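With our numbering, letter number 104 in the sequence shown gets 637, and the count goes up by one each step, no holes. Beta carbons are placed, not taken as given, at the ideal position from N, Cα and C, and that holds for glycine. The structure displayed is predicted, hence computed values, not measured ones.
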Amino acid sequence: MLIEKSNLTRVLTYGTFDLFHYGHLQILKRAAYLGDELIVGVSTDQFNTIKGKECYYNFKHRAEIVNAIQWVDTVIPEQSWDQKEKDIQDFNVDILVMGDDWKGHFDDLNDYCKIIYLPRTEGISTHSIKQDLSQL
Ligand code: CTP
């Protein structure tokens, strides 16, 4: 899917978004407020395997949950580490938003769009939720 150039500011971000939680909500809200349209790349199950992540919810369900968030306009599959450059160009993206745990990692994409690293919400992650629940 290609998106035409327009005066709208398009924001793109990526993530696994398993066991959707408050930190996920905050980054999507803050990313959306940086522009007019928010595109979210949700990691596929195959890509999570490559990343060494095992999800509770499958891709279809994670993508549907993210798509239902009021600030999200479009969900695309994230299938590899190196698709960002193509996505930025295909979707005419103005701003790439990543969590600050990735600070500096994607600076080479500055040639294509602005990169903004947003601070993570403290004290919550999918991993910590899984750990906490396993101790109940
Ligand atoms: N994120 C955030 N604050 C948190 C957790 C996640 O801002 N407390 C952001 C990440 O920086 C990323 C997006 O949410 O941009 C999706 O992150 P993801 O890796 O799916 O969530 P985590 O909860 O970090 O998952 P895990 O514990 O499995 O690493």
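Return the chain-ordered list of same chain residues with a C-beta closer than 8 Å to the C-beta of GLY636, the five sequence neighbours on each side being excluded.
The amino acid at residue 636 is misidentified as Gly; the sequence shows Lys. Counting only Cβ-Cβ distances below 8 Å, and skipping sequence neighbours, we find TYR650.
Kindly give me the distance between the Cβ atoms of VAL608 and VAL575, rounded to whole angstroms, as I take these residues to be in contact under 8 Å.
6 Å
If you check the beta carbons only, do ILE628 and VAL544 fall under 8 Å apart?
yes
Sorted by chain position, which residues of the same chain lie with C-beta nearer than 8 Å to LEU541's C-beta, five sequence neighbours on each side aside?
GLY568, ASP569 and GLU570
When we look at the beta-carbon of GLU611 and count the other beta-carbons within 10 Å, is it buried (16 or more) or exposed?
By the beta-carbon neighbour count (other beta carbons within 10 angstroms, threshold 16), GLU611 is buried.
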